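J.:
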Amino acid sequence: MVGQKVSLEYVVPIAFERLFEDPFLGADLYRGDLLQAILRVDSCFWNEHIDLRFELDSIVLEVTLFFETLQFQLEEYQQLQTDCNRKEESY
4 MVGQKVSLEY VVPIAFERLF EDPFLGADLY RGDLLQAILR VDSCFWNEHI DLRFELDSIV
64 LEVTLFFETL QFQLEEYQQL QTDCNRKEES Y
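Sequential numbering of the sequence shown, starting at 4, is according to the numbering used here.
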């Protein structure tokens, strides 16, 4: 429903309830597609519904912090793998 932009003033709060539990929730096609649909909602809607925009900002901040932390851990893991491969090659 969010992707179809139908009755957003009713559908978005319901979507937020689910996104607060799991920002990467899959709605129809794949994990995270509900958040993607919400992010595609026209800016005019958010300007008319400031309270919902603040809720979206909260979700976006949570996801951003998650990815920043994950990015650091992924880079650290990749570096360890590179170091391990170099050690194996030197034997």
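Cβ atoms here follow ideal geometry from the backbone N, Cα and C, with glycine treated the same way.
Nothing here was measured: the structure is a model prediction, and the numbers come from that model.
So, for Ala30: in the same chain, excluding its five sequence neighbours on each side, which residues have a beta-carbon less than 6 Å away from its beta-carbon?
T.: Result list for Ala30: Asp36, Leu37, in chain order.
J.: Enumerate in chain order the residues of its own chain whose CB-to-CB distance from Glu58 is below 7 Å, with the five nearest sequence positions on each side excluded.
T.: Phe19
J.: When the distance is taken between beta carbons, is Ile41 closer than 8 Å to Val66?
T.: no
J.: For the candidate residues Phe69, Leu28, Gln74, Tyr13, whose alpha-carbon lies nearest to that of Phe48?
T.: Tyr13
J.: Compute the distance between the beta-carbons of Ile62 and Phe27, then report whether it is under 8 Å.
T.: no
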